[in-house]
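A.B. asks: What follows is a single structure, and I will ask about it in a moment.
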């Protein structure tokens, strides 16, 4: 009989791995003793996850725990890496879902890039001595996902349509498409598009957007203002009028594997 491929998203695959990790005969335990505000005992990682997601848990306590999780993932092996990602899954899903909203391509590509980037941040890139460890890892993963969303935005080649006048696109159509076309021709980059979308379309304050990126609100406001000036100038000059989205085609069903731990 021919084999049947089962499609499993990267985030779902890691959720399953986390579920198996916390249910094995001797689950990994996090030692909260010595961390102020944390339960002063050993906790299984699913219990730790619930504690970190609790609204009553202070942000500074979450940050201290995440610093320790980064250290353990780098020092103590694959189990801690899978555990850390499992704890971060709600945040990863939220970022991936926001980016994929209205996306006509394969949303699993966004999931995979977000997960890959978070994994890299966890293992080697994020500075565990700075504040907002989790937030900075999620921000980096979000930026990577945005690059995938906008990767197939392009200008049509000059010979792609019959000779003669071409009808310009409406400059007032869906804001996401306006931002995507501006990214395509380099008027703004994906980070610019993200902060404009958050603060102008999603109701996020500049202060919150700045905090997600680990920068001051004044800097984020200046960053957005400069990007918007370039965007407005490009719209007025008609530079976005002939930028079109490249079609996305369905891909064959594939099996998604877990990320590979270094040395395995």
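Residue numbers (this note's numbering): 9 to 272.
Beta carbons are placed, not taken as given, at the ideal position from N, Cα and C, and that holds for glycine.
The structure presented is a predicted model; accordingly, all values stated were derived computationally and were not measured.
To which residues of the same chain is residue 302 closer than 6 Å at the C-beta, ignoring the five residues directly before and after it?
C.D. replies: For the chain, the structure presents residues 9 to 272; residue 302 sits outside this window and is missing.
A.B. asks: Under DSSP, the beta strand (DSSP E) around residue 38 begins and ends at which residues?
C.D. replies: Taking the chain shown and counting its residues from 1, the one referred to as residue 38 is at position 30. Taken as a continuous stretch (DSSP letters only), the beta strand (DSSP E) holding residue 38 covers 37-39.
A.B. asks: Roughly how many angstroms lie between the CA atoms of residue 179 and residue 92, to the nearest whole one?
C.D. replies: On the chain shown, position 171 is the one that residue 179 refers to. On the chain shown, position 84 is the one that residue 92 refers to. Caution is warranted here: a pLDDT of 44 is assigned to residue 179, below 50, making its placement in the model unreliable, and the coordinate value is therefore given only provisionally. Computed Cα separation, rounded: 44 Å.
A.B. asks: Examine the Cβ distances between the segment 116-126 and the segment 32-52 and report whether three or more of them are shorter than 8 Å.
C.D. replies: With the cut-off at 8 Å, the segment 116-126 and the segment 32-52 do not touch.
A.B. asks: In chain order, what residues of the same chain lie with their CB nearer than 6 Å to the CB of residue 88, ignoring the 5 residues before and after it?
C.D. replies: Sequence index remark: in the chain shown, residue 88 carries index 80 (1-based). 80, 81, listed in sequence order.
A.B. asks: So the candidates are 246, 223, 84, 234; which of them puts its Cα closest to the Cα of residue 193?
C.D. replies: In the chain shown, the residue the question calls residue 193 occupies position 185. Comparing Cα-Cα distances from residue 193 to each of 246, 223, 84, 234, the minimum goes to 246.
A.B. asks: Starting from residue 60, follow the alpha helix (DSSP H) in both directions and report where the run begins and ends.
C.D. replies: Residue mapping note: residue 60 aligns to position 52 of the chain shown, counting from 1. 53-61 is the span of the alpha helix (DSSP H), which, as asked, contains residue 60.
A.B. asks: Does DSSP put residue 130 in a helix, a strand or coil?
C.D. replies: For the purposes of this step, residue 130 is taken as residue 122 along the chain shown, with counting starting at 1. Note: residue 130 maps to helix in three-state DSSP.
A.B. asks: Going by DSSP, name the residue or residues bridged to residue 50.
C.D. replies: As a working note, residue 50 is residue 42 in the chain shown. 39.
A.B. asks: Quick one: residues in its chain with C-beta nearer than 6 Å to the C-beta of residue 225, no 5 flanking neighbours on either side, listed in chain order?
C.D. replies: Within the chain shown, numbered from 1, the residue matching residue 225 stands at position 217. The answer, listed in chain order, is 214, 215, 218.
A.B. asks: Tell me which residue opens and which closes the alpha helix (DSSP H) that residue 150 is part of.
C.D. replies: Residue 150 sits at position 142 when you count from the first residue of the chain shown. Unbroken alpha helix (DSSP H) run through residue 150: 141-157.
A.B. asks: Determine the DSSP secondary structure at residue 109, reduced to helix, strand or coil.
C.D. replies: Position 101 of the chain shown, counted from the first residue, corresponds to residue 109. Residue state, collapsed to three classes: coil.
A.B. asks: Just to confirm, are residue 141 and residue 71 a CB contact at a threshold of 8 Å?
C.D. replies: Along the chain shown, one-based indexing puts residue 141 at 133. Along the chain shown, one-based indexing puts residue 71 at 63. Yes, they are a contact pair.
A.B. asks: Using 8 Å as the threshold, is the C-beta distance between residue 90 and residue 103 below it?
C.D. replies: Reading the chain shown from its first residue, position 82 is the one you call residue 90. Reading the chain shown from its first residue, position 95 is the one you call residue 103. Contact: no.
A.B. asks: Is it the case that the segment 131-146 contacts the segment 26-45, given that we only count it when at least three CB pairs across the two stretches are under 8 Å?
C.D. replies: Short answer: they don't touch.
A.B. asks: Rounded to whole angstroms, how far is the Cβ of residue 86 from the Cβ of residue 126, which I believe are closer than 8 Å?
C.D. replies: As a working mapping, residue 86 is identified with position 78 in the chain shown. As a working mapping, residue 126 is identified with position 118 in the chain shown. The pair is not a contact, with the Cβ atoms about 15 Å apart (cut-off 8 Å).
A.B. asks: At the level of alpha carbons, what is the spacing between residue 223 and residue 235?
C.D. replies: On the chain shown, residue 223 is found 215 positions in, with the first residue counted as 1. On the chain shown, residue 235 is found 227 positions in, with the first residue counted as 1. Whole-angstrom Cα-Cα distance: 16 Å.
A.B. asks: Does the beta-carbon of residue 28 have 16 or more other beta-carbons within 10 angstroms, so that it is buried, or is it exposed?
C.D. replies: Start at 1 with the first residue of the chain shown, and residue 28 comes out as number 20. Classification for residue 28: exposed.
A.B. asks: So for residue 19, helix, strand or coil by DSSP?
C.D. replies: On the chain shown, residue 19 is found 11 positions in, with the first residue counted as 1. It is helical.
A.B. asks: Using the rule of at least 16 other Cβ atoms within 10 Å of the residue's Cβ for burial, across every protein chain shown, is residue 22 buried or exposed?
C.D. replies: Walking along the chain shown from the start, residue 22 turns up at place 14. Residue 22 is buried by the Cβ-count criterion.
A.B. asks: Buried or exposed, going by whether 16 or more other CB atoms sit within 10 Å of the CB of residue 227?
C.D. replies: Here residue 227 corresponds to residue number 219 of the chain shown, with the count starting at 1. Per the 10 Å Cβ criterion, exposed.
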